[in-house]
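Numbering (the working numbering), first residue to last: 2 to 314. Single-structure report; data block below.
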Ligand code: TXA
Ligand code: MG
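Rendered as structure tokens:
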């Protein structure tokens with residue numbers, strides 16, 4: 002059995018140096034022992050991911066973060082107290098024990114505490130942290146359930162730990178602290194509003210297309226079909242050869258098979274939770290292309306629009 006809820010088995014595969022897909026509240030991760038470079042290399046190979054794209058390390062609690070980094074700014078403690086476990090990744094100076102392969106040679110490691118019971122239990126059963134990028138082939142849409150992982154990686158992983166649908170549905174927000182300011186490296190599950198609520202300090206968004214962090218490459222999170230992004234207010238031209246990803250309102254004239262409504266009540270959090278599923282359905286459909294509507298730029302809506310832009314590039 003390749004897919005299941007067997008935490009013992011997942012732990013054993015990881016101890017043996019294998020790779021296991023793990024559920025998190027954001028998206029599923031493809032995990033290995035972060036302290037074992039041979040195991041970490043298997044992640045890059047399975048995903049076909051260039052080794053210059055660093056991996057996020059997952060730990061059970063704040064004490065473990067202290068174990069793997071040399072320095073934690075007060076602001077990180079403040080934020081972690083309110084927002085962790087949760088979809089927030091901190092870039093912090095790594096200790097020697099974290100292999101260079103995990104950080105692609107960078108001095109900082111991305112580290113977070115995932116908010117998922119199964120994965121937190123799994124982390125209690127092992128005595129090493131888990132390096133885990135999203136469990137999809139490099140550049141493709143991130144998986145938000147076990148079947149998404151199985152669709153593309155079943156033969157390449159040692160086990161898929163099935164923890165149901167990811168509740169947030171979008172990757173973690175990645176931040177670093179520089180001179181008491183928060184630098185946002187990737188928009189994600191924790192919104193700018195939440196960050197400014199808990200840290201009364203300056204926020205800066207780094208919108209780089211940086212080969213050192215391909216999650217920020219202009220083209221990423223992308224379906225195979227051509228995706229066109231339109232503004233929320235734009236009049237839609239209706240074509241039967243197109244699949245529509247719509248924020249709130251359906252297109253009555255069009256078959257339900259050719260459209261996906263992210264949130265009938267217009268809730269950006271619900272839209273985030275369904276976004277990657279919608280993209281996968283659109284990609285599998287018979288349509289020639291995909292038209293996706295931007296969502297309102299509030300809360301997690303910003304992160305949704307960020308992913309859609311990259312998917313459209
Ligand atoms: O929610 C998430 O963050 C999910 C789940 C599985 O935890 N993980 C995830 O990993 O999205 P991944 O590898 O698909 O995206 C991580 C991105 C990388 O593309 C890279 O841009 C950035 O995080 N990153 C990781 N470590 C970094 C580092 N040391 N310095 C700069 N950027 C880093
Ligand atoms: Mg990814």
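Heads up, the beta-carbon is just placed ideally off N, CA and C, and yes, glycines get one too. A quick note: this is a predicted structure, and the numbers were derived from the prediction, not measured.
Which ranges does the beta strand (DSSP E) cover as unbroken runs of at least 3 residues, wholly within the segment 46 to 127, from first to last along the chain?
Whole beta strand (DSSP E) segments, 3+ residues: 57 to 59, 89 to 94, 109 to 113.
For chain C, find out if any of its Cβ atoms is closer than 7 Å to the Cβ of residue 53; answer yes or no.
The structure shown has no chain C; it contains just one protein chain.
From residue 250 to residue 262, what distance separates their C-alpha atoms?
The residue you call residue 250 lines up with position 249 of the chain shown. The residue you call residue 262 lines up with position 261 of the chain shown. Each residue's Cα considered, the two are about 7 Å apart.
With a cut-off of 8 Å on the beta carbons, I'd call residue 67 and residue 199 a contact; round off their distance for me.
Taking the chain shown and counting its residues from 1, one reaches residue 67 at position 66. Taking the chain shown and counting its residues from 1, one reaches residue 199 at position 198. Not really, about 20 Å apart at Cβ, beyond 8 Å.
Which residue from 172, 290, 184, 224 puts its Cα closest to that of residue 305?
To locate residue 305, count along the chain shown from 1; it is residue 304. Nearest option by C-alpha distance: 172.
Alpha carbons only, please: which of 77, 279, 41, 63 is nearest the one belonging to residue 293?
What you label residue 293 is simply residue 292 of the chain shown in a count that begins at 1. For residue 293, the nearest C-alpha among the options comes from 279.
Give the DSSP-derived three-state secondary structure of residue 5 in the structure shown.
Within the chain shown, numbered from 1, the residue matching residue 5 stands at position 4. Correct three-state label for residue 5: strand.
Can we count residue 173 as close to the ligand MG, meaning its CB is less than 6 Å from some heavy atom?
Residue mapping note: residue 173 aligns to position 172 of the chain shown, counting from 1. No.
In the DSSP assignment, what residue or residues form a beta bridge with residue 30?
For the purposes of this step, residue 30 is identified with residue 29 of the chain shown, where counting begins at 1. Partner(s): 23, 135.
Mind pulling the beta strand (DSSP E) runs of 3 or more residues that sit fully within the segment 162 to 204?
With a minimum length of 3 residues, the continuous beta strand (DSSP E) runs that stay inside the segment 162 to 204 are 174 to 179, 182 to 187.
For residue 104, which residues of its own chain have a beta-carbon under 7 Å away from its beta-carbon, when the five flanking residues on both sides are left out?
Position 103 of the chain shown, counting from 1, holds the residue named residue 104. Cβ within range, chain order: 55, 95, 110.
Check whether the Cβ of residue 134 lies closer than 6 Å to any heavy atom of the ligand MG, and answer yes or no.
As a first step, residue 134 is located in the chain shown; it is residue number 133 there, counting from the start. The answer is yes for residue 134.
Which residues bound the beta strand (DSSP E) around residue 261?
As a working note, residue 261 is residue 260 in the chain shown. Taken as a continuous stretch (DSSP letters only), the beta strand (DSSP E) holding residue 261 covers 260 to 262.
Spatial neighbours of residue 170 within its chain, please: C-beta separation below 8 Å, excluding the five flanking residues on both sides.
Position 169 of the chain shown, counting from 1, holds the residue named residue 170. Answer for residue 170: 27, 28, 145, 273, 274, 275, 276, 277, 278, listed in chain order.
Residue 31 and residue 48 look like a contact to me (Cβ under 8 Å); what is the Cβ gap, rounded to whole Å?
Translated into positions along the chain shown, residue 31 becomes position 30. Translated into positions along the chain shown, residue 48 becomes position 47. Right, the Cβ-Cβ distance comes to about 6 Å (below 8 Å), so this counts as a contact.
Is the segment 233 to 244 close to the segment 128 to 136, with three or more CB pairs under 8 Å?
Verdict: no, contact absent.
Report the CB separation of residue 165 from residue 88 in whole angstroms; it is logged as a contact under 8 Å.
Position 164 of the chain shown holds residue 165. Position 87 of the chain shown holds residue 88. Rounded, the Cβ-Cβ distance is 16 Å, inconsistent with contact.
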